[in-house]
Every structure is written in C-alpha cells, then in structure tokens.
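2 protein chains.
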Amino acid sequence: MIGPIDGIRILDVSRILSGPFCTMILADLGAEVVKVEMPGRGDPARNVGPMVGHDSASFISVNRGKKSITLDLNSENGQNIFRKLVPHFDVLVENFVPGTMAKFGLDYQSIQKLNSALVYLSISGFGQDGPDAHRPAMDIVVQAMGGIMSVTGEPESPPVRAGVSLGDSVAGVFAALAVVSSLYQRIDSGRGQYIDISMLDCQVTMMENVFSRYFSTGNVPGPTGSSHPLAAPFQAFKANDGYFVVAMLTDDQEIWGNFCNAIEREDLHKDSRFVDNASRVGNLEALQGYLAKTFIKKSRFEWVEILSNVRIPCGPINDIQAVARDPQLIHRSMLTTIPHNVNGEWKVANTPFNFSESLTGPAGPSPALGEHNREFFSSLLGLSNEEIASLLDMGVI
Amino acid sequence: MIGPIDGIRILDVSRILSGPFCTMILADLGAEVVKVEMPGRGDPARNVGPMVGHDSASFISVNRGKKSITLDLNSENGQNIFRKLVPHFDVLVENFVPGTMAKFGLDYQSIQKLNSALVYLSISGFGQDGPDAHRPAMDIVVQAMGGIMSVTGEPESPPVRAGVSLGDSVAGVFAALAVVSSLYQRIDSGRGQYIDISMLDCQVTMMENVFSRYFSTGNVPGPTGSSHPLAAPFQAFKANDGYFVVAMLTDDQEIWGNFCNAIEREDLHKDSRFVDNASRVGNLEALQGYLAKTFIKKSRFEWVEILSNVRIPCGPINDIQAVARDPQLIHRSMLTTIPHNVNGEWKVANTPFNFSESLTGPAGPSPALGEHNREFFSSLLGLSNEEIASLLDMGVI
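In structure tokens form, the structure reads like this:
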C-alpha cells in the first residue's frame, strides 16, 4: 500500500508551527516534503522547548518524515536556486508575514511562470489582505481575536486560552485540505493555483455554533467552565480520585431515569425540579449540589463504568500521562515511534487516519539541518561538488 | 469558477455535528451533499438550541447548501432503497455508534459490492475497534479523555472545556481531508476505500506539542491560564476596558527593549531579573505585577496599537459580538449570509478557503426535511408518483 498522495513533492519554506503542522499531515499522507531552511540556523522551532539531542522534542515530532535543505532566501544566489527547484515540485508552502515572499521575488505571480501546475499555499495570521494583514500573529493572538478565549474558562475568572496551539494546528489541517483539494482539481485542469489561509479565519469557522447562538438570540455567549449552555447534567464532576465528565444531551425521560437509577439517586428522578432537560438547566445549581455529594463517594473509574453500563456518555478527565497510557489509544496506535539518531527511537502523536487501502503515518525521523542538500542540489539540479562547496562557503546553502 | 471537488456526490447519513461539519466543508468545496434523514423527525440537530423558523440556528449553519431526503434505515424497504442510491454516489458518510450500519445491512463489506469506487467514511467517538469502540461519545467526553481539559484553565480551578465543540469539528476537518485524499487516490486506482476516523484520535493529534513536552521531560503538563509554559510576557493582561493578549516568544534583546520602550517602562529593560526570556519566565510573578500596573492605565485598543507599532504580536480578547464586527474578518467575508425561507437571509460563519482558481463557500440554504425526495426518488431512481406516495404512507420516506 502507498499513501493517498504518494508521489506529490512539496517545497516547504514554512517555519515554527502552522505550516510545518500542515506539511506533517501531508507527509503522513504520503507526500515527499522538503524543508527549505536558513543556513546555519534552520527552522527556529529546532530550538524552542525541551531539547532531545540537537533539536527540540516539538521539532522532531512535527517534522518527522521530512527532508531538509538549506538555502538563504535573502541572497540573490539563494533565490535563483530556489527558482530552479520550483519546476520539480507540485506544492509550495510558506507562512511568512505577508509580503515576505514578494520581497524575495518568490511570490505567486513570479513563481507561477516557472511552473503553472504548482499549488502555492500561504498561511498567515490574518490573511494576505485586509487592515490587519501585515500584523504578526501567534496562536494566543488568534485565539483571543477569534473568540474562543471569550467562551473558555470560569465565568468570573481571568480569560484562559485552550491549552494547545489550536490557532496554528487547526489552520494547518484546513490548509492541508485546501492543498489536496487543489491537487484533485489539478488532475482535470492541469493547472495549480494560489491558496490564502488565515489562522484567524480558521478560528472563526470552528466557532460556527457559538455564532449561531449569538445571531439567533443576540446574547453574547460567555465562558461556562465545563458545563453546556443548553444541557444538564453536562459537565465535570469530582470523584474521590479526580474529575470525570458526564454528557447528557437529551430530553428522554427513560435515560434520565436510568441515570438516577444507576447512581442510586431515585429521589432526583422523582424531583419535579429535574423532570426534563429544561428544568435541569433551570435548576442547575441545586442539581449540581446533589450530584456532587454522590459523585465524591466513588472513584472516577467506578462512575465511568456505572454510567457507561446505561449508555450515558462519560469519561475521566485524563492528564497527558493517562492519555499516553489509555488502552483505546494504544490499541489505535495513536502514540507511535519514529527513529531518532540519539535515542534510537522517539515517541510522537500519530495522525488520525485509518484507510483500508492506503498507508499513512510517520514515514521516518526528522531531518538534520541540510541533511538532504546533496540529494537535491547535486542529483536534482546537477550542481557539481565544487559548486556546492562554493555555495556552502558563501553561506548560500 | 467551480469548487475544487465539484461533481462529487455525497450520501450523508450522519447526524448532529461531527459528520455534518465534515460534509459542510465538503459542500463548501463544491460537493453535492444529500442528507438522508429519519422520516418525520430528521437530524436531531434540527431541534437543538435556539430555533429560527422550523430549524435550529446551528442546524441551518452546518447544513447550508445540502439536500435532504427521508429514508427509514430501520425498515427493509428503506435499506433496499438506500442500496439503490449507493451506485449513484462517490462518498458515503456516517457517524453512528460502531455496529449500527452493520445492523442495517449497510456496512462497508455489504455496500462495497454495489459500488467499488465508493469512499465510505465512518466517524465515531473512539474508532471502529478497541475496548472503547462501542461507547457513546460527546464532544466533552473526548475533550476530557484526549487531554485538552487537563491543560486548559487556571492551575487551581476546576477543569474547564475549550468553549466550542472541538471534539466534533476537528474530527470533521480531518475526516474531510481523508475523503478528498481518497478521492485523489481513486483517480489512479479506480477504487474507493473505507475510512475510520475517531474523534478521540483527532484530539490526540492536536495535542502533539503537549506530548512532546511530556515525553522529553517526564513532567505532566497542567493548565496555565492564558500564559505560555516557556515564554514571557505571553499571556492576557487587563487594560482599563477589558483584556488583551501579548505574545513575546523570543530571546531577542532588541525586541524586549522595544517592548519596554513602547510601554514607557525603561526600568524593566534595565532590570537584571528580566534580561532574557528564561529570566522573565523564572521571575514571572514580579514581571506580571509591574506590567499589570502599567497596562491598566490605557484601553486595550491603545495597547494593541502601541505594541503593534513595534511589531509585538498582540490583540484584544474579543467576545463574539466583537468578532462578528471585526474589520479584518468583514474584509475577508468570514461572516456571510445564506438564503433563509423565513428571514430572507441568515448569517453564518464561512469556511476559511481562499483559492485563486476555485469557488468555495456556502452554496445555498439548509434543506427542509425531505425537500429533495422527488428529485432523488423520482428522477434518480425512477420511482413513480404512486410508489412515492405509498412509501410516504408506510413511513419509509
């Protein structure tokens, strides 16, 4: 079996997270991804966070299965070599602040002439046009401006961000989908195209349900902790060994009865304040009080088993160690290993694809800086050993 | 211009959010999506949340541009009609609890024989196999079990969920990518395939950075409010009219100098406790105290302008109303309208695609229940008016 986009070659000048997360997914789907990095320094992500050997753990994870060449895009020489590479690739990915690739003379208008079949993807914080286009962005900035921070956390506490860089990674997944969609269309049209993905736009798409509530009621939604604005019981509860969640989103009398029966609180089933979902939402504080007293009496795993037996959606709130040890995730190979030059192997989170007829997943280790210079500059572009040595000398590669 | 996957036909028996969010994206990319709904009741999402006319606002948003037919998959008659539809479609999407489609006799093994080119997508909470496969799931359950709740919120407060249903919607985006990747591969192979996407798996993929930190240090990451575990200042601050975020992830002396200069706190620049990023993280509490006193003196828009001028990533924490009015998002058409039978039009969040050569975005209103029965049962399958009337009578459609 091969990956679904096996044979696709990607020239990737993106750095840090949004672009590299996108090309991680495309590499896991079978593409050959060639990172273009600054000579000497490389992708800044190589040095951010806990190090494992020469590179950060995060770099190793996001850049698995990719190749690395070095090229100084600030130099005319580097730009010329880049232009010579372009005809050999199907996709170009960049995530500089808008305008940077034009400054290099490598914007879509210039590059398109060299390869009309090229799919050229730009990811940026706010998009390529509009009043904020040229502002720098980071995950937390788009989480703040896209609205997710305004609905996350406790009602009276200071704002909190979702604890992972969703601003980058969600944009990376949408961008990967845009690339593969363009490759699909290219089969008929024979032509590539330009794709402009904004991290902030992607945040807004994910918030559609919150916008729906706002547009229909005019009420501005706020943070609700772990609870659901329209359902109860639907939140975190404390067991005697930690937290778990219960998620009842139903008006079915029988399910509410099963719930009360399973936790041995028939009194709640008979209580007219809790007779249907709307009543339970209306009398949430009283309901929470009763349930808290019951749930503190057993462990969260006992409760999850008791409630699962009557088919109420529920689960423990797992910390990262518990997630890494979860039998379901182990069964699904969601924590997997890649080769590593110092440790022998290194553990990473897998991509979530399971195809019956296609191979997916990490294809190899992350590359050392410039590890594949010879492969591309010599084999692909036909540069001589002397030329390569001279380019190295000048700091162009 | 046409959508990149124009001409693709999707038979969609999914309900609520994960599947419908996936097919919303595929419809926005140009596919023809036909919802198959229970006669009389339809997708339960039609009735969840604030209503706008006959359907909920959320249903209208997620199901824009789709068609609707009714079919009772519990009845043999309904199953037979479903089998007759299958050869006319490229993709099938379902998100029942695993085993349900097999119970209907409509699992991949059975259906594949009718259409070997069919891409058959299953989305579920935990995947099609493994010890938890048959448990029901909801967004909050996979947020809990996937680890994001363990790193979101304030350190000493009860756990909070990310305030939108990322468990569903992130799975929907990955699933859409898996479908288009399979369609791409199908052009060469001529064959479809089975795709198994788990909401929990998708959560784990998004957590890759958190796993990297855990695997490299052995420390179990906890919630950090709005702050960053490895950078400072990188968090929310209170201005005199609300909160804004600052995101400095650098060791560049000059940038730190620019920051202090811009906020007129040269004393902090000279303070040896804050001389580089590591020192600022180490002395975070002191730094936060000084900055809080400065930032409370002006409005968040003043601070955003001051800091943007020296190219420090920053932005206001917007509530949903502010997001809906954001000039950048208006410029990017991220809040757009679809036709609506009661209101004339209805506002929805757009998808984040911008292609130079492809058309994308909402293609029309959400369908009334069974609105397209005639189109598919009569035109496509050739059923007579009498046959359709009789099926209606029996509650099969």
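Those protein sequences? They're chains A and B, same order as listed.
Heads up: the first sequence at position 146 corresponds to 145 in numbering that gives the first Met the number 0, and the numbers run straight through without jumps.
Heads up: the second sequence at position 293 corresponds to 292 in numbering that gives the first Met the number 0, and the numbers run straight through without jumps.
The C-beta atom is built at its ideal place from N, Cα and C for all residues, glycine as well.
Does the beta carbon of residue i sit closer than 9 Å to a beta carbon anywhere in chain A?
i, result
"residue 141(B)", "yes"
"residue 117(B)", "no"
"residue 221(B)", "yes"
"residue 24(B)", "yes"
"residue 252(B)", "no"
"residue 136(B)", "yes"
"residue 310(B)", "yes"
Just the Cα atoms here: how many angstroms apart are residue i and residue j?
i, j, result
"residue 321(A)", "residue 225(A)", "20 Å"
"residue 35(B)", "residue 69(B)", "6 Å"
"residue 8(B)", "residue 124(B)", "25 Å"
"residue 299(A)", "residue 235(A)", "11 Å"
"residue 395(B)", "residue 142(A)", "46 Å"
"residue 240(B)", "residue 371(B)", "51 Å"
"residue 393(A)", "residue 92(B)", "55 Å"
"residue 316(A)", "residue 242(A)", "6 Å"
"residue 139(B)", "residue 196(B)", "17 Å"
"residue 369(B)", "residue 180(B)", "30 Å"
"residue 284(A)", "residue 334(B)", "35 Å"
"residue 119(B)", "residue 103(B)", "15 Å"
"residue 44(A)", "residue 16(A)", "8 Å"
"residue 175(B)", "residue 136(B)", "20 Å"
Judging by CA-CA distance, which residue of the options is the nearest neighbour of residue i?
i, options, result
"residue 186(A)", "116(A), 364(A) and 294(A)", "116(A)"
"residue 328(B)", "83(A), 253(A), 110(A) and 144(A)", "144(A)"
"residue 98(A)", "265(A), 79(A) and 133(A)", "133(A)"
"residue 380(A)", "85(A), 50(A), 4(A) and 20(A)", "85(A)"
"residue 39(A)", "373(A), 147(A), 367(A) and 377(A)", "367(A)"
"residue 227(B)", "276(B), 45(B), 175(B) and 242(B)", "276(B)"
"residue 95(B)", "254(B), 310(B) and 198(B)", "198(B)"
"residue 109(A)", "360(A), 78(A), 348(A) and 331(A)", "78(A)"
"residue 101(A)", "253(A), 265(A), 121(A) and 340(A)", "121(A)"
"residue 230(A)", "42(B), 49(B), 75(B) and 19(B)", "49(B)"
"residue 190(A)", "355(B), 106(B), 378(B) and 213(B)", "355(B)"
"residue 281(A)", "303(A), 256(A) and 232(A)", "232(A)"
"residue 163(B)", "205(A), 58(A), 107(A) and 171(A)", "205(A)"
"residue 88(A)", "363(A), 302(A), 32(A) and 273(A)", "32(A)"
"residue 41(A)", "28(A), 388(A) and 55(A)", "55(A)"
"residue 397(B)", "342(A), 165(A), 193(A) and 136(A)", "No answer is possible for residue 397(B): it lies beyond the span of chain B, which begins at 0 and ends at 396."
"residue 246(B)", "303(B), 384(B) and 363(B)", "303(B)"
Given that residue i touches chain B, what residues does it touch there, using C-beta distances under 8 Å?
i, result
"residue 145(A)", "317 and 322"
"residue 248(A)", "47 and 137"
Give the residues of chain A in contact with residue i, contact being defined as C-beta atoms less than 7 Å apart.
i, result
"residue 399(B)", "Nothing in the structure corresponds to residue 399(B), since chain B is present only between 0 and 396."
"residue 300(B)", "None at all; the shortest Cβ gap to chain A is about 12 Å."
Step through the CB atoms of chain B and report whether any lies within less than 9 Å of the CB of residue i.
i, result
"residue 399(A)", "Nothing about residue 399(A) can be read from this structure; chain A reaches only from 0 to 396."
"residue 38(A)", "no"
"residue 338(A)", "no"
"residue 50(A)", "yes"
"residue 313(A)", "yes"
"residue 215(A)", "yes"
"residue 126(A)", "yes"
"residue 237(A)", "yes"
"residue 8(A)", "no"
"residue 14(A)", "no"
Along chain A, in chain order, which residues have C-beta atoms closer than 8 Å to that of residue i?
i, result
"residue 196(B)", "351, 352 and 353"
"residue 225(B)", "139, 148, 157, 158, 159 and 160"
"residue 335(B)", "Per Cβ cutoff of 8 Å: no residues; residue 335(B) is ~11 Å from chain A at best."
"residue 153(B)", "152, 153, 156, 157 and 159"
Which residues of chain B have a Cβ atom closer than 9 Å to the Cβ of residue i, listed in chain order?
i, result
"residue 305(A)", "Per Cβ cutoff of 9 Å: no residues; residue 305(A) is ~13 Å from chain B at best."
Identify the contact partners of residue i in chain B, using a Cβ-Cβ distance below 7 Å as the criterion.
i, result
"residue 244(A)", "139, 140 and 143"
"residue 3(A)", "180, 181, 183 and 184"
"residue 44(A)", "What residue 44(A) touches in chain B: nothing, since even the nearest Cβ is about 10 Å away."
Under 9 Å Cβ-Cβ, which residues of chain A neighbour residue i?
i, result
"residue 267(B)", "Those within 9 Å of residue 267(B) in chain A number zero; the least Cβ separation is about 21 Å."
*Relative to chain A, which residues along the segment 341 to 355 of chain B have a C-beta separation below 8 Å, given in chain order?*
345, 346, 347, 348, 349, 350, 351, 352, 353, 354 and 355
*Quick one, which residues of the segment 89 to 113 of chain A are near chain B if we go by CB-CB under 7 Å, in chain order?*
none
*For the segment 269 to 294 of chain B, enumerate the residues whose C-beta is nearer than 7 Å to any C-beta of chain A, in chain order.*
none
_Please list, in chain order, the residues of the segment 357 to 385 of chain A that have any C-beta partner in chain C closer than 7 Å._
Among the protein chains of the structure shown, namely A and B, there is no chain C.
*In chain order, what residues of the segment 161 to 188 of chain A put their CB closer than 8 Å to some CB of chain B?*
161, 162, 163, 164, 165, 168, 169, 170, 172, 173, 175, 176, 177, 179, 180, 181, 182, 183, 184, 186 and 188
*Could you name the residues of the segment 56 to 81 of chain A whose beta carbon sits closer than 7 Å to any beta carbon of chain B, in the order they occur along the chain?*
56, 57, 60 and 61
*In the segment 198 to 213 of chain A, which residues sit with their C-beta less than 8 Å from some C-beta in chain B, listed in chain order?*
199, 200, 201, 203, 204, 205, 206, 207, 208, 209, 210, 211, 212 and 213
_For the segment 253 to 265 of chain A, list every residue whose C-beta sits within 7 Å of some C-beta in chain B, in sequence order._
none
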